[in-house]
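Below you'll find the structure, written out as structure tokens, and then a few comments.
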Amino acid sequence: MNIKIANQIKLGAFLFIFYQVLSLNAQQTDAYKKFTDQLKHYETKKFIKKYKNGKVKEIYSLTYYEYEGVKYSFYSGEYIRYYRNGNKSFERQQDMFGTPLIINWYYPNGDLSESSKTIKLDTKAESLYEFLSSDKSILITSLSEKYLPLNGSKGKPTLRKKGNYLNNKKIGVWEIYKNGKVIKTKSY
-4 MNIKIANQIK LGAFLFIFYQ VLSLNAQQTD AYKKFTDQLK HYETKKFIKK YKNGKVKEIY
56 SLTYYEYEGV KYSFYSGEYI RYYRNGNKSF ERQQDMFGTP LIINWYYPNG DLSESSKTIK
116 LDTKAESLYE FLSSDKSILI TSLSEKYLPL NGSKGKPTLR KKGNYLNNKK IGVWEIYKNG
176 KVIKTKSY
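Pasting the structure below:
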């Protein structure tokens, strides 16, 4: 492939991801933004770690902030982890403060296992220190879809469960599917 075309493809993919992440910031509440707006960004670094077999293990970026002389780091942007066989284990899009916006998990064969999209970011923190030092102060509401493995067949993954989480705890009504149809619902 021509290097110029390859670079254009990479740029296009980057811009697509960048605009997806920007559009997801719309779910941040004013309380969440009140704290994130106080941090001063000073650096972002990209990291690539490999297995002993030479295959990529994970790719991620850390973004560094400073507040009142104290430095903080957060995972930011895209984080991808791979199985030893080279297939993706999971990929996560995060805001600039490490909060997940989109997460996809994969079976070892490469099939999509689960997908989660953050629909609301809030905080109950009363100070920036509490916001930065406690994961329990961040409230993440997400929509999750769980899939059956394709096992080599082509096509769209088969949905098996769908529902919302609040900080990794199921909430609301979850739907259980069989052959593309809701067969059961469960309230949490």
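Using this note's numbering, the letters of the sequence shown map in sequence onto residues -4 to 183. Virtual Cβ for every residue (Gly too), placed ideally from N, Cα, C.
Q: Please specify which runs of the alpha helix (DSSP H), each continuous and at least 4 residues long, are wholly inside the segment 104 to 143, giving them in chain order.
A: Listed in chain order, the complete alpha helix (DSSP H) runs (minimum 4 residues) inside the segment 104 to 143 are 123 to 128.
(Q) To the nearest angstrom, how far is the alpha carbon of Asn20 from that of Tyr27? (A) No answer about Asn20 holds up, because its pLDDT of 49 lies below 50 and its placement is not dependable.
Q: Identify every residue that forms a DSSP beta bridge with Glu189.
A: Here the chain has residues from -4 to 183 only, and residue 189 is not among them.
Q: Measure from the alpha carbon of Arg155 to the alpha carbon of each residue in Leu161, Tyr142 and Asn163, then state which is nearest.
A: Tyr142
Q: Using the Cα positions of Phe13 and Lys47, report the straight-line distance between them to the nearest angstrom.
A: Residue placement at Phe13 cannot be trusted, given a pLDDT of 42 that sits under 50; what the coordinates show is reported in the next sentence. The straight-line gap from Cα to Cα measures roughly 31 Å.
Q) How is the alpha helix (DSSP H) around Tyr55 delimited, first residue to last? A) According to the DSSP assignment, Tyr55 belongs to no alpha helix (DSSP H) but to the beta strand (DSSP E) extending over Val51 to Tyr62.
Q | Exposure of Ser122, with buried meaning 16 or more beta-carbon neighbours within 10 Å | A | exposed
Q. DSSP puts Gln88 in a beta bridge; with which residues?
A. Glu73 and Ile97
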